[in-house]
Amino acid sequence: MQGKHLTHKERFYIEKRRGDGVNQATIARELELPRSTISRELRRNTDAAFNGVYSCRRAETLARGRRQKTRPDSVINQLEPHIQDFIRTALSTHTSSEAISVRLVLEFGLSVSKNSLYRYIQQERRAGGELSVLLNSEIRVFR
Numbered sequence: 000m001q002g003k004h005l006t007h008k009e010r011f012y013i014e015k016r017r018g019d020g021v022n023q024a025t026i027a028r029e030l031e032l033p034r035s036t037i038s039r040e041l042r043r044n045t046d047a048a049f050n051g052v053y054s055c056r057r058a059e060t061l062a063r064g065r066r067q068k069t070r071p072d073s074v075i076n077q078l079e080p081h082i083q084d085f086i087r088t089a090l091s092t093h094t095s096s097e098a099i100s101v102r103l104v105l106e107f108g109l110s111v112s113k114n115s116l117y118r119y120i121q122q123e124r125r126a127g128g129e130l131s132v133l134l135n136s137e138i139r140v141f142r
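Written out as structure tokens, the structure reads:
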């Protein structure tokens, strides 16, 4: 269950059970989540502006804000045009994202993860681009 975000329903349940005076361990057991998840949720998302009372709505807002801060629209869009061209060319030759990531480090000293490349491809696909067509499941390495 690693990397799972709490749903609005789970947050609402936490709010209600905390209001009833139920401890974190019991809430975790009832939601079938690790105790640390509940503890972390309460620590991160209990706002002093609400007198230290947990609010599922406020928790949603705070969590969404943190997620947006950690992931810019696209790291690649912020790169120089010649590097973007390099990435497009590599994709057009069906080079894997992993290989492109390694090549960017070797040739340009840039660290761009394969996941950032996949997100960029998805973003382009949603915008009507054809990068997703260029990405082949076959993995070939630059030589």
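The numbering of the sequence shown is numbering that gives the first Met the number 0, which starts it at 0 and goes up by one.
We put the beta carbon where it would ideally sit given N, CA and C, even for glycine.
Secondary structure of residue i, DSSP reduced to three states
i    : result
Y117 : helix
T36  : helix
S96  : helix
N44  : helix
Y53  : coil
C-alpha distance - residue i paired with residue j, whole-angstrom precision
i    : j    : result
R56  : E97  : 39 Å
T60  : F85  : 38 Å
I26  : N44  : 16 Å
R118 : Q77  : 14 Å
V104 : S35  : 37 Å
V21  : N114 : 40 Å
S110 : I75  : 11 Å
F11  : R65  : 19 Å
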